[in-house]
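Protein sequences appear in the order of chains A and B. At position 138 of the first sequence the residue is numbered 137 (numbering that gives the first Met the number 0), and the sequence of numbers has no breaks. At position 66 of the second sequence the residue is numbered 65 (numbering that gives the first Met the number 0), and the sequence of numbers has no breaks. Remarks on the structure that follows.
There are 2 protein chains.
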Amino acid sequence: MADVARRASVSPATVSRVLNGGGSVGAAYRRRVLEAVEELSYRPNRLAQNLRRQRTATIGVVVSDIENPHFSEMVRAVEDRAYRQGYRVLVCNTDESPEKQRAYLQTLVEERVVGVVLTTSDPVGREISELLDRGIPLVAFDREVADARADAVIAENVGAARSAVELLVGGGHQRIAFVSGRKDVETGAERLDGYQLAMRAHGLEPEVVEGRFRTDSARAAVAQLMAETDRPTALIVGNNLMTLGALAAVQDAGITVPHHLALVAFDDPSWAALVDPPLTTLAQPVRRMATEAMELLLERISGARTEPRRTVHPFVLRKRTSCGTG
Amino acid sequence: MADVARRASVSPATVSRVLNGGGSVGAAYRRRVLEAVEELSYRPNRLAQNLRRQRTATIGVVVSDIENPHFSEMVRAVEDRAYRQGYRVLVCNTDESPEKQRAYLQTLVEERVVGVVLTTSDPVGREISELLDRGIPLVAFDREVADARADAVIAENVGAARSAVELLVGGGHQRIAFVSGRKDVETGAERLDGYQLAMRAHGLEPEVVEGRFRTDSARAAVAQLMAETDRPTALIVGNNLMTLGALAAVQDAGITVPHHLALVAFDDPSWAALVDPPLTTLAQPVRRMATEAMELLLERISGARTEPRRTVHPFVLRKRTSCGTG
DNA sequence: CTGAAAGCGCTTACAG
DNA sequence: CTGAAAGCGCTTACAG
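Shown next as structure tokens:
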């Protein structure tokens, strides 16, 4: 930068001003600086800028596991929007571990990111407030956080679970079981709640097995369920990973879907229409939600909005064959 | 840091030395510094460190699209290793666009990352050499780059395609078609080559349709193929996204696998065993390869190795039902 | 072993 | 509108 200034016979301050648009600069000066920049093919040192500004043009996105297609879709949408805005994205996987989340959020404050999109593994983590305290905006994705200053983009889990129950009840089912995700995760708890509420509303007895949001756990749980002599006639599965397990267990047990067992699954991964039979799913508008999360974040970063905002998004029920009705 | 120095009655240099382990420090000094750090709960400013050291503790990983489960698995493995090493990871999606790759690689040099894992969308891109020129190590993943200074972790695509052909020929097939990925992408070209070579070795005529590594393209191409009156009896599909499309087209056409059409697919996504019939696949050891890529990178970063290294990894053929044999 | 000092490369009040 | 100067918070030769 000193070289540029010398070559253009101006001060470094002027170079900085034309490059950053701060303050007005005489046309002749501007031209000279731009020429010098060109001739020397000068590129500002980002690290020095970062230090001076005490922030980096980076967005942190923290999820439990980017291998879950739900999150890879989310991260991709975030990256798209960030790229267009000139921001970079740092990915952080927590594996649902509060410790890992703590470590990563701390890293993000040290890194002085401009904003964070978080699917929390610990809604009350102090580091969330620390970020907010330091003026780093945060939007909660899928799962709320305790700190009221955060924005949030949430899916309507209760309603979605209810609509699955309605569909199956409408198809004549009474024994509808639910493969639940972890109850200590908001999404898991809400989907379970919606299921139980809807079942009770119909005077039916909820029947819950624990799949912990994992393929193997769900497989084991469903295998056990299928081994019962008087087993359920319908199954609702709480996310795509568990659906993989449920499908495997059902297949192992030689049970035919939807003839012997009707199935409705949360999430709508790319393969949902290709298994046999095609899966009826509750699709969360992940891409739209992630894009919205970024818009909320960008509003905060630019200072266009200071009041917290929270948006809730309905699922869409994609009726295919596995539910056996309609 | 000045505060810490004052409180411990030492110089900032000493504080830096105890915190970074550079040079030896008297035990008494060390204790005083550590106490002061504790009392003030001091955390070094990463941005200042970055500027001073002219690098950031960040690894850049650039792939075509993290939504492809192949790459989300790869990125996850990279992140795991990076996290354990205290590095952060910046994800970059190029969508197979040389321009986007150029932009991102430039960003990564500006960001002064310590290393890059790259699945290139432009093997001869000048930015690759620029990174290497500046001493930033780069390992090519899946696809080689032109610059010989880079390390590389590659899969044995030719051999894998050949083994698929062998399997099908062994099952009595003669008309074996191939749904190819983009030929301008190394993986695509190699898989195609392997297929053609193996076919010719058996005196069979290759029959290639273009799927461009995309679900929709593959679907259209396979639909057309299935509409032929004298259609192939076996199909090899060049990656998981195209398999999704091929499966859909086959299903649309009312064709039964493997009875009317035998199928072998590259990649082994989570759902491969759950479609009907379970898919015979060529599984690339993605996780192992990604971990190895990180080891290579870390060796370079630490300076433990200066000679380029290139490792090649075989696929494993997972015989399930769709191939109709064995 | 320890400290004073320079310097990484910017940005931004502050004067003029 | 322009420039001189301070300062962001570290690290690391260089002396002692």
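Just so you know, even glycine gets a beta-carbon here, dropped at the ideal spot from N, CA and C.
Spatially closest choice to residue i from the options, by CA coordinates
{"i": "T255 of chain A", "options": "A:T13, A:L234, A:T290, A:M241", "result": "A:L234"}
{"i": "A222 of chain A", "options": "A:A271, A:Q250, A:V32", "result": "A:Q250"}
{"i": "P268 of chain A", "options": "A:R111, A:G210, A:T279, A:T232", "result": "A:T279"}
{"i": "V9 of chain A", "options": "A:S162, A:R52, A:Y28", "result": "A:Y28"}
{"i": "A145 of chain B", "options": "B:E155, B:L131, B:G158, B:N156", "result": "B:L131"}
{"i": "A217 of chain B", "options": "B:Q173, B:A248, B:Q53", "result": "B:A248"}
{"i": "D215 of chain B", "options": "B:V178, B:L203, B:P231", "result": "B:V178"}
{"i": "A261 of chain A", "options": "A:R299, A:T310, A:R319", "result": "A:R319"}
{"i": "A264 of chain B", "options": "B:Q283, B:V36, B:H258, B:P11", "result": "B:Q283"}
{"i": "E126 of chain B", "options": "B:G158, B:V61, B:E38, B:N67", "result": "B:V61"}
{"i": "E110 of chain A", "options": "B:N49, B:S162, B:E78", "result": "B:N49"}
{"i": "S120 of chain B", "options": "B:I135, B:P136, B:C91, B:G134", "result": "B:C91"}
{"i": "T324 of chain A", "options": "A:G134, A:G253, A:H172, A:M293", "result": "A:H172"}
{"i": "D275 of chain B", "options": "A:G114, A:L246, A:R80", "result": "A:L246"}
{"i": "V152 of chain B", "options": "B:A292, B:V108, B:R199, B:A76", "result": "B:A292"}
{"i": "R87 of chain B", "options": "B:A26, B:R75, B:V3", "result": "B:R75"}
{"i": "P313 of chain A", "options": "A:R287, A:G302, A:S301, A:L89", "result": "A:R287"}
{"i": "E78 of chain B", "options": "B:G302, B:R309, B:E294, B:S301", "result": "B:E294"}
Which residues DSSP lists as bridging residue i, in chain order
{"i": "L137 of chain A", "result": "A:V115"}
{"i": "D79 of chain A", "result": "Paired residues: none, contrary to the question."}
{"i": "I235 of chain A", "result": "A:F177, A:V263"}
{"i": "N92 of chain A", "result": "A:V62"}
{"i": "T280 of chain B", "result": "B:A264, B:R317"}
{"i": "A151 of chain B", "result": "B:A139, B:R309"}
{"i": "E206 of chain A", "result": "A:A176"}
{"i": "V274 of chain A", "result": "B:V274"}
{"i": "R87 of chain B", "result": "B:T57"}
Rounded distance between the beta-carbons of residue j and residue i, thought under 8 Å
{"i": "A149 of chain A", "j": "V138 of chain A", "result": "6 Å"}
{"i": "G85 of chain B", "j": "A56 of chain B", "result": "6 Å"}
{"i": "S96 of chain A", "j": "S71 of chain B", "result": "In fact, because the Cβ distance is near 19 Å, the residues do not count as touching under 8 Å."}
{"i": "P231 of chain B", "j": "I175 of chain B", "result": "6 Å"}
{"i": "A197 of chain B", "j": "R161 of chain B", "result": "4 Å"}
{"i": "V116 of chain B", "j": "F140 of chain B", "result": "5 Å"}
{"i": "L107 of chain B", "j": "C322 of chain B", "result": "Actually they are not in contact, since the Cβ atoms of L107 of chain B and C322 of chain B sit about 42 Å apart, beyond 8 Å."}
{"i": "A220 of chain A", "j": "V208 of chain A", "result": "4 Å"}
Length of the line joining the Cα atoms of residue i and residue j
{"i": "L33 of chain A", "j": "Q100 of chain B", "result": "26 Å"}
{"i": "L243 of chain B", "j": "W270 of chain A", "result": "7 Å"}
{"i": "D192 of chain B", "j": "A159 of chain B", "result": "11 Å"}
{"i": "G210 of chain B", "j": "L104 of chain A", "result": "41 Å"}
{"i": "P43 of chain A", "j": "E37 of chain B", "result": "36 Å"}
{"i": "E66 of chain B", "j": "R31 of chain B", "result": "50 Å"}
{"i": "S40 of chain B", "j": "A12 of chain A", "result": "36 Å"}
{"i": "R190 of chain B", "j": "G237 of chain B", "result": "7 Å"}
{"i": "R5 of chain A", "j": "V17 of chain A", "result": "15 Å"}
{"i": "V123 of chain B", "j": "R45 of chain B", "result": "34 Å"}
{"i": "M241 of chain A", "j": "D266 of chain B", "result": "21 Å"}
{"i": "L296 of chain A", "j": "R304 of chain A", "result": "10 Å"}
{"i": "L316 of chain A", "j": "A163 of chain A", "result": "8 Å"}
{"i": "E129 of chain B", "j": "A35 of chain B", "result": "43 Å"}
Beta carbon proximity, residue i to chain A, threshold 9 Å
{"i": "Q53 of chain B", "result": "yes"}
{"i": "E109 of chain B", "result": "yes"}
{"i": "V236 of chain B", "result": "no"}
{"i": "E126 of chain B", "result": "no"}
{"i": "S106 of chain B", "result": "The residue you asked about is not Ser; residue 106 of chain B is Thr in the sequence shown. By this cut-off, T106 of chain B is an interface position."}
{"i": "E95 of chain B", "result": "no"}
{"i": "R79 of chain B", "result": "Checking the sequence, you will find Asp at residue 79 of chain B rather than Arg. Judged by the 9 Å Cβ criterion, D79 of chain B is in contact with chain A."}
{"i": "P257 of chain B", "result": "no"}
{"i": "L260 of chain B", "result": "no"}
{"i": "E98 of chain B", "result": "no"}
{"i": "T280 of chain B", "result": "no"}
Closer than 9 Å to chain B by CB, residue i
{"i": "Y82 of chain A", "result": "yes"}
{"i": "T214 of chain A", "result": "yes"}
{"i": "V263 of chain A", "result": "no"}
{"i": "D64 of chain A", "result": "yes"}
{"i": "A220 of chain A", "result": "no"}
{"i": "T118 of chain A", "result": "no"}
{"i": "D275 of chain A", "result": "yes"}
{"i": "C322 of chain A", "result": "no"}
{"i": "E72 of chain A", "result": "yes"}
{"i": "T57 of chain A", "result": "yes"}
{"i": "Q250 of chain A", "result": "yes"}
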